[in-house]
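Visitor: Following this message is one structure expressed as structure tokens.
In the numbering used here, the protein residues as written are 47 to 214.
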């Protein structure tokens, strides 16, 4: 009996504080019929965002002229900062910072989300004995960072749902 009450109390506490599993957002229904425009960003970012929107049952229109909303990916880039140097003064560890700038506009006029940026950071350790492995790891980290940035964009779109609902 005490266990059931404790479990019920814990579930209530988690639900009341706004806890939700990562990756589960309430996407706004008004966002249906959106187009994704990649201006100056990595070409893989568009399909990642498209797949995530379609997973939320949001219709993605390939033609911006026929869409109601346009998600514009303005730019992206990866910066490397040296965080650790070996005794031979060769860099041993980098901090990779991936930044994506985007905005959401309504085709009939109006900016819904002004230019906003999301960033993802990862640590990369370079092993000079296995330089090919380090290059492969950097490529894998870059792909993972693009996926995380796309998820952050989804989170930002879902928050817009809440702010527009509160304003109505």
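Idealized CB from N, CA, C, for every residue including glycine.
Decide yes or no for the touch test of the region 48-61 against the region 81-95: beta carbon pairs closer than 8 Å, at least 3 of them.
Guide: no
Visitor: For residue 123, does the three-state DSSP call read helix, strand or coil?
Guide: Counting from 1 along the chain shown, the entry for residue 123 is found at position 77. Correct three-state label for residue 123: strand.
Visitor: Among the residues of its own chain, which have a CB less than 8 Å from the CB of residue 113, if the five just before and after it don't count?
Guide: Here residue 113 is taken as the residue at index 67 of the chain shown, counted from 1. Closer than 8 Å at the Cβ level, and outside the excluded window around residue 113, lie 79, 80, 81, 107, 153.
Visitor: Just to confirm, are residue 147 and residue 120 a CB contact at a threshold of 8 Å?
Guide: To locate residue 147, count along the chain shown from 1; it is residue 101. To locate residue 120, count along the chain shown from 1; it is residue 74. In this structure, residue 120 lies closer than 8 Å to residue 147 by Cβ.
Visitor: Could you give the DSSP three-state label for residue 229: helix, strand or coil?
Guide: Here the chain has residues from 47 to 214 only, and residue 229 is not among them.
Visitor: State the Cα-Cα distance for the pair residue 159 and residue 133, rounded to the nearest angstrom.
Guide: Here residue 159 refers to the residue found at position 113 when the chain shown is read from its first residue. Here residue 133 refers to the residue found at position 87 when the chain shown is read from its first residue. Spanning the two alpha carbons is a distance of roughly 47 Å.
Visitor: State the DSSP-derived secondary structure class of residue 147, mapped to helix, strand or coil.
Guide: To locate residue 147, count along the chain shown from 1; it is residue 101. If DSSP states are grouped into helix, strand and coil, residue 147 belongs with the strands.
Visitor: DSSP beta-bridge partners for residue 168?
Guide: Counted from its first residue, the chain shown places residue 168 at position 122. Bridge partners of residue 168: 142.
Visitor: State the beta-bridge partners of residue 152 as determined by DSSP.
Guide: Here the question's residue 152 lines up with position 106 in the chain shown. According to DSSP, residue 152 bridges with 115.
Visitor: Hey, would you say residue 164 sits closer than 8 Å to residue 192, going by beta carbons?
Guide: Mapped onto the chain shown, residue 164 falls at position 118. Mapped onto the chain shown, residue 192 falls at position 146. Here residue 164 is not near residue 192, since their CB atoms are 8 Å or more apart.
Visitor: Within the continuous alpha helix (DSSP H) that includes residue 95, where are the two ends?
Guide: Here residue 95 refers to the residue found at position 49 of the chain shown. Counting along the chain, the unbroken alpha helix (DSSP H) around residue 95 starts and ends at 91-101.
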